[in-house]
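To keep things clear, I will list the structure first and then write my remarks on it.
Numbering (the working numbering), first residue to last: 47 to 246.
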């Protein structure tokens, strides 16, 4: 049953991932009068590079996590893992970090997305560092944490869709609330579970 749930989620996540790619296409002909780019015209000369790197490579990073989690122990696991680590550490992570300084939601929005970017890079680096040292247990812990952070983009879109359909949250801060819910409770819960399991 758990395996079926996992497969269903990954199929749903694949769909959402491709939707993210599809809705990112208009950013290649930017419209500064509405939407995500409404306040970005003055910084566009450098912001565009971070944006394009992120919207290209963050979905690729997520797609690479799927075979790693569904088929964990294959001969391709190390190769795919190295590709994921390289993309996160040198492309998707740093570009997200730059973008976080110009995130919606004022100071809280900046801190939220800055924390997400820094933690994503950190967890990914530690997952890679531990497996290179032969510590598979620590590697698995940080790799799962990296996935939780990478998966936040998928959950944010799913939460946004559910919020519209079910008419749940009515606030000018809806985007920030959903962004917070897309990764903070999951990462905190995961770390608490890990600590309790370790001390048991």
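The beta-carbon is built from N, C-alpha and C at its ideal position, and this holds for glycine as well.
Using 8 angstroms as the Cβ pair cut-off and three pairs as the minimum, do the stretch 69-83 and the stretch 106-119 touch? no
Query raised in the report: What is the C-beta distance between residue 107 and residue 133, in whole angstroms, given that I count them as a contact (C-beta under 8 angstroms)?
Result: 5 angstroms
Alpha helix (DSSP H) runs contained entirely in the stretch 158-246, provided each spans 4 or more residues = 182-196, 198-212, 220-227 and 230-245
Tell me the DSSP secondary structure of residue 71 in three-state form. helix
Three-state class that DSSP yields for residue 156 in the structure shown
helix
Out of 112, 57 and 220, which has the shortest C-alpha to C-alpha gap to residue 155? 220
Coil, strand or helix - residue 149 by DSSP: coil
Residue interval of the alpha helix (DSSP H) (run including residue 138): Looking at the DSSP string, residue 138 is not in any alpha helix (DSSP H), and its letter there is neither H nor E.
Original post:
By DSSP, does residue 76 sit in helix, in strand, or in coil?
Top reply: coil
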